[in-house]
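For reference, the structure is listed below as structure tokens.
Numbering (this note's numbering), first residue to last: 922 to 1082.
In structure tokens:
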């Protein structure tokens, strides 16, 4: 009997975490990805867990003014994208995050596929530069069962702004 091995993909988990809504969406996305058999969650790069010198800016906001912390965190994040199989972004179209936009742009420029996850009921317009850069848009309810090993580009029907 032949057994099929399922590749577990390493992700770069891009997500805004500045508001209650963003944190709740992030937690739902993390739970879904932990259930996904095609995701290597243990080795997935979560930027919040890799802040320079383990300085948590939610506890030490003064670090945001430190050039060494800025550069170290920025470089660690780029390293996380470079070693990932995919960038998986938890994206709230009505609240675009400029940091995530940069991460998407960097991933696109380095040919790293991007999966952008939006809320199930969201019909918001999406920025023109982000809309076509994404390899595949998913709704949150699809995330736990989406096969990252069978990804193909898919046009997403949304209005650009």
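Cβ atoms here follow ideal geometry from the backbone N, Cα and C, with glycine treated the same way. A quick note: this is a predicted structure, and the numbers were derived from the prediction, not measured.
| Item | Value |
| --- | --- |
| Within 7 angstroms, strictly: CB atoms of residue 1070 and residue 944 | no |
| Residue burial classification, residue 922 (beta-carbon count within 10 angstroms, cutoff 16) | Residue placement at residue 922 cannot be trusted, given a pLDDT of 47 that sits under 50; what the coordinates show is reported in the next sentence. Answer is exposed; the Cβ neighbour count stays below 16. |
| Length of the line joining the Cα atoms of residue 958 and residue 1067 | 9 angstroms |
| Pairwise C-alpha distance: residue 972 and residue 986 | 14 angstroms |
| Whole-angstrom distance between residue 994 and residue 935, CA atom to CA atom | 14 angstroms |
| Residues bridged to residue 1011 [DSSP beta-bridge criterion] | 936, 1038 |
| Continuous alpha helix (DSSP H) stretch holding residue 954: start and end | 941-956 |
| Paired residues, beta bridge with residue 1058 - DSSP | 1037 |
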